[in-house]
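S.K.: In order, the protein sequences belong to chains Z and G.
Be aware that the first sequence starts at 3, since it is given in the working numbering, and climbs by one per residue.
Be aware that the second sequence starts at 3, since it is given in the working numbering, and climbs by one per residue.
All residues carry an ideal CB built from backbone N, CA and C; glycine is no exception.
Got a structure for you, written out below as structure tokens; questions coming shortly.
Number of protein chains: 2
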Amino acid sequence: MCLHGTGETVRARTRGTEADAPPAAPTGQRTLGYRRVADLSHVVSPSMPTFDPEKPRREAVDPPLADGAFGFFQQRWTFLEHTGTHLDAPGHVIGGGRLVPDIRSEELVVPAVVIDVRARAAQDPDTVVTVEDVERHEREHGPVPAGAAVLMCSGWDARWGQGDDQVRGVAADGSWHFPGFDPQACEYLVSRRAISGVGVDTLSTDPGASSDFPAHEVIGRADRWGLEALTGLDRLPPTGATLMVGVFPGEDASGGPSRVLALW
Amino acid sequence: MCLHGTGETVRARTRGTEADAPPAAPTGQRTLGYRRVADLSHVVSPSMPTFDPEKPRREAVDPPLADGAFGFFQQRWTFLEHTGTHLDAPGHVIGGGRLVPDIRSEELVVPAVVIDVRARAAQDPDTVVTVEDVERHEREHGPVPAGAAVLMCSGWDARWGQGDDQVRGVAADGSWHFPGFDPQACEYLVSRRAISGVGVDTLSTDPGASSDFPAHEVIGRADRWGLEALTGLDRLPPTGATLMVGVFPGEDASGGPSRVLALW
């Protein structure tokens, strides 16, 4: 998601001065066993729900081909970096924070931990992932591994075909309501669990009703990334999957549409 | 790469009628051991070399942030689908062929085989990967596994900072010269080795001097994908790495910029 900033210059390739060190890449041999590869990304289209009012645009620059014909067909795309399933780099929200090209490859292949808040979210669209949720998850499924992506499964992705108002959770007074992360949970995960980042299946890491976006600030100042608008998290195990984050490698990019795959 | 097509309608989500079946996903438990994660993608920028004359464009839609300030910064991007390190879907070149959303997740996590033609390419920019190259590689490194991505390492990515003319290999008469795949090698790999796709570290699967693009046609009719403009293939082992292809998930997309990671 995105609001207007207030700064002057982008200083890429440095970290925010208040940031904790991002997790060191594990060293030595790692083994990844899997039977399934799942796509956690929405298809990007001009009609897709978005946080910003602007929608992605596409146009055919070479004419579509007749069935079986050999030729060349392609489209041109225009979109904001925070469109569809996408990654927020630290520099999206913190001046001088790392931008997409500064994120190391090792930070894009990480263990996934899925915190299921679907039952609560069905009752309360303003629910957030709390420290207690993390502690309960660890009691049931073991510790959050260093370098993990901690993902909120709220079930909100089921609304994707229903238009902006459903996905934004627009109330009668125009306010927005969808689940997200409590900033204290982000602080806990960053400082005590050395995560690589967090992820949500809603439009923003902060819940829809937030106006000051504290979860974004905690994650950004800690030099970690956030994934927004994931889909299909309900298929993943609570722990044990590996996430591969294929973020669009734009120059000076604050984030980018991402093909996110999960292996388990 | 891209030339003007001659067809009328896009029929997505069907395969070309002449296509062989794409390789079935392996079943059962797979194990991926690795020590390294490498990024095989170029950063997308307005100054990057491209096959098409049109360059990607970016603009800041929210102002950059002052150092340490909290706010929101982001850019808007406009580009052709065949820009930067990118995937060609079968429907890029064959009418009715599969488009990006039709490619299964299992086809995006595949074994990598790297065929090193750097010595030849340094002497002859028109060199191509041949059936004999594949056979020699198999004698030295073992069989190309089913579902593999077979990648040409020509060393051409070292030219990336040197501008379009160097990357396109423009001769005095204006003709283009860079290495690619011989269509017979593509046919061999598709029909006898059940590959998922091919990849090159140049601007096109066909060599720069080609005017009829037969390697594109073979790969497209066989319902396989191609990766173009990879970088860093010289770091990969000849066999044993795993490729993760994070292609931009555009609606009806003929291809898309891709974050390609290799694990080994």
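Using a C-beta to C-beta distance shorter than 9 Å, which residues of chain Z count as neighbours of residue 47 (chain G)?
M.R.: Start at 1 with the first residue of the second sequence, and residue 47 (chain G) comes out as number 45. Residues of chain Z passing the Cβ test: 252, 253, 254.
S.K.: Based on the DSSP secondary-structure assignment, which residues constitute the bridge partners of residue 264 (chain G)?
M.R.: Translated into positions along the second sequence, residue 264 (chain G) becomes position 262. Bridge partners of residue 264 (chain G): G:40, G:245.
S.K.: Whose Cβ in chain G lies nearer than 8 Å to the Cβ of residue 32 (chain Z)?
M.R.: Start at 1 with the first residue of the first sequence, and residue 32 (chain Z) comes out as number 30. Simply 35, 36, 37.
S.K.: Measuring CB atoms only, is the segment 239-253 of chain G touching the segment 124-134 of chain G, in the sense that at least three cross pairs come out at less than 8 Å?
M.R.: With a cut-off of 8 Å, the segment 124-134 of chain G and the segment 239-253 of chain G do not count as touching, because too few Cβ pairs lie within range.
S.K.: Pairing CB atoms from the segment 35-47 of chain G with CB atoms from the segment 251-266 of chain Z, are three or more of them under 8 Å?
M.R.: Touching, per the Cβ criterion.
S.K.: Please state if the CB of residue 80 (chain G) and the CB of residue 78 (chain Z) are separated by a distance shorter than 8 Å.
M.R.: Reading the first sequence from its first residue, position 76 is the one you call residue 78 (chain Z). Reading the second sequence from its first residue, position 78 is the one you call residue 80 (chain G). For residue 78 (chain Z) and residue 80 (chain G), yes; Cβs fall inside 8 Å.
S.K.: What number of angstroms, rounded off, separates the C-alpha of residue 57 (chain Z) from the C-alpha of residue 58 (chain G)?
M.R.: The residue given as residue 57 (chain Z) occupies position 55 in the first sequence. The residue given as residue 58 (chain G) occupies position 56 in the second sequence. If I take the Cα positions, the gap works out to 18 Å.
S.K.: Which bits of chain G does residue 259 (chain Z) rub up against, with CB to CB less than 7 Å?
M.R.: Taking the first residue of the first sequence as position 1, residue 259 (chain Z) is located at position 257. Simply 250.
S.K.: Consider the Cβ of residue 103 (chain G): report whether some Cβ of chain Z lies at a distance smaller than 8 Å.
M.R.: Indexing the second sequence from 1 puts residue 103 (chain G) at position 101. Judged by the 8 Å Cβ criterion, residue 103 (chain G) is in contact with chain Z.
S.K.: Residue 91 (chain Z) and residue 101 (chain Z) - do their beta-carbons sit closer together than 8 Å?
M.R.: Your numbering for residue 101 (chain Z) matches position 99 in the first sequence. Your numbering for residue 91 (chain Z) matches position 89 in the first sequence. Yes; because the gap between Cβ atoms is below 8 Å, this pair is in contact.
S.K.: Chain G partners of residue 117 (chain Z), CB-CB under 7 Å?
M.R.: Taking the first residue of the first sequence as 1, we reach residue 117 (chain Z) at position 115. Near residue 117 (chain Z) there are no residues of chain G at all, since even the closest Cβ is about 23 Å away, more than 7 Å.
S.K.: Which residues mark the beginning and the end of the beta strand (DSSP E) in which residue 228 (chain G) is found?
M.R.: Within the second sequence, numbered from 1, the residue matching residue 228 (chain G) stands at position 226. Run containing residue 228 (chain G): 227-230, per the beta strand (DSSP E) assignment.
S.K.: Please give the ranges of any beta strand (DSSP E) in the segment 30-116 of chain G, keeping only runs that are unbroken, at least 3 residues long and fully inside the region.
M.R.: Counting whole runs of 3 or more residues, the segment 30-116 of chain G contains the beta strand (DSSP E) stretches 32-36, 39-41, 59-64, 76-82, 88-90.
S.K.: Between the Cα of residue 55 (chain G) and those of G:213, G:165, G:214, G:223, spot the shortest distance and give me the residue it belongs to.
M.R.: The residue given as residue 55 (chain G) occupies position 53 in the second sequence. Per the Cα distances, G:165.
S.K.: Can you have a look at residue 214 (chain G) and say buried or exposed, based on whether 16 or more other CB atoms are within 10 angstroms of its CB?
M.R.: By 1-based counting over the second sequence, the position of residue 214 (chain G) is 212. Label assigned to residue 214 (chain G): exposed.
S.K.: Could you check where the beta strand (DSSP E) with residue 222 (chain G) kicks off and where it finishes?
M.R.: Here residue 222 (chain G) refers to the residue found at position 220 when the second sequence is read from its first residue. Run containing residue 222 (chain G): none in the beta strand (DSSP E); it sits in the alpha helix (DSSP H), 216-223.
S.K.: If I measure Cβ to Cβ from residue 83 (chain G) and keep anything under 6 Å in the same chain, skipping five residues before and after, which residues do I get?
M.R.: As a working mapping, residue 83 (chain G) is identified with position 81 in the second sequence. Taken in chain order, the residues that qualify are 255, 256, 257, 258.
S.K.: Is the beta carbon of residue 176 (chain Z) less than 8 Å from the beta carbon of residue 212 (chain Z)?
M.R.: Locating residue 176 (chain Z) in the first sequence gives position 174, counting from the first residue. Locating residue 212 (chain Z) in the first sequence gives position 210, counting from the first residue. Taking 8 Å as the Cβ cut-off, residue 176 (chain Z) and residue 212 (chain Z) do not qualify as a contacting pair.
S.K.: In terms of residue numbering, what span does the beta strand (DSSP E) encompassing residue 153 (chain Z) cover?
M.R.: Translated into the one-based positions of the first sequence, residue 153 (chain Z) becomes position 151. 151-155 is the extent of the beta strand (DSSP E) around residue 153 (chain Z).
S.K.: Establish whether the CB of residue 155 (chain G) and some CB of chain Z are separated by less than 8 Å.
M.R.: Taking the second sequence and counting its residues from 1, the one referred to as residue 155 (chain G) is at position 153. Chain Z contact via Cβ: absent.
S.K.: Give the straight-line distance between the Cα atoms of residue 17 (chain Z) and residue 109 (chain Z), rounded to the nearest whole angstrom.
M.R.: Stepping through the first sequence from its first residue, residue 17 (chain Z) is reached at position 15. Stepping through the first sequence from its first residue, residue 109 (chain Z) is reached at position 107. Unreliable positioning characterises residue 17 (chain Z) in this predicted model, as indicated by a pLDDT of 39, which lies under 50. The coordinate reading is nonetheless provided below. The straight-line gap from Cα to Cα measures roughly 15 Å.
S.K.: Name the one or two DSSP bridge partners that residue 131 (chain Z) has.
M.R.: Locating residue 131 (chain Z) in the first sequence gives position 129, where the first residue counts as 1. Answer by DSSP bridge pairing, in chain order: Z:183.
S.K.: When DSSP labels each residue in this structure, what does residue 146 (chain Z) get in the three-state scheme?
M.R.: Sequence index remark: in the first sequence, residue 146 (chain Z) carries index 144 (1-based). If DSSP states are grouped into helix, strand and coil, residue 146 (chain Z) belongs with coil.
S.K.: CB residue 169 (chain G) to CB residue 161 (chain G), shorter than 8 Å?
M.R.: Working through the second sequence from its first residue, we reach residue 169 (chain G) at position 167. Working through the second sequence from its first residue, we reach residue 161 (chain G) at position 159. It is a contact, given that the beta carbons lie within the stated cut-off.
S.K.: Expressed to the nearest angstrom, what Euclidean distance is found between the alpha-carbon atoms of residue 186 (chain Z) and residue 265 (chain Z)?
M.R.: Looking up residue 186 (chain Z) in the first sequence gives position 184. Looking up residue 265 (chain Z) in the first sequence gives position 263. Rounded to the nearest angstrom, the two C-alpha atoms are 29 Å apart.
S.K.: Any beta-carbon of chain Z closer than 8 Å to the one on residue 78 (chain G)?
M.R.: Against the second sequence, residue 78 (chain G) aligns to sequence position 76. Output row for residue 78 (chain G): interface = yes.
S.K.: Leaving out the 5 sequence neighbours to the left and right, which residues in its chain are closer than 7 Å to residue 85 (chain G) when beta-carbon positions are compared?
M.R.: Indexing the second sequence from 1 puts residue 85 (chain G) at position 83. So the qualifying residues of the chain are 46, 52, 58, 259.
S.K.: Kindly list the residues whose CB is nearer than 8 Å to the CB of residue 155 (chain Z), restricted to its own chain and excluding five residues on each side of it in sequence; keep chain order.
M.R.: Here the question's residue 155 (chain Z) lines up with position 153 in the first sequence. Excluding positions up to five away in sequence, the list reads 116, 117, 118, 119, 120, 203, 235, 236, 238.
S.K.: Taking residue 94 (chain Z) as the query, report the chain G residues whose CB atoms sit under 8 Å from its CB, ordered along the chain.
M.R.: For this step, residue 94 (chain Z) is matched to residue 92 along the first sequence. Those are 74, 75, 76, listed as they occur along chain G.
S.K.: Just to confirm my understanding: we take residue 135 (chain Z), look at its own chain, exclude 5 residues before and 5 after, and list those with CB closer than 6 Å. What are they?
M.R.: Numbered from its first residue, the first sequence carries residue 135 (chain Z) at position 133. Contacts found: 117.
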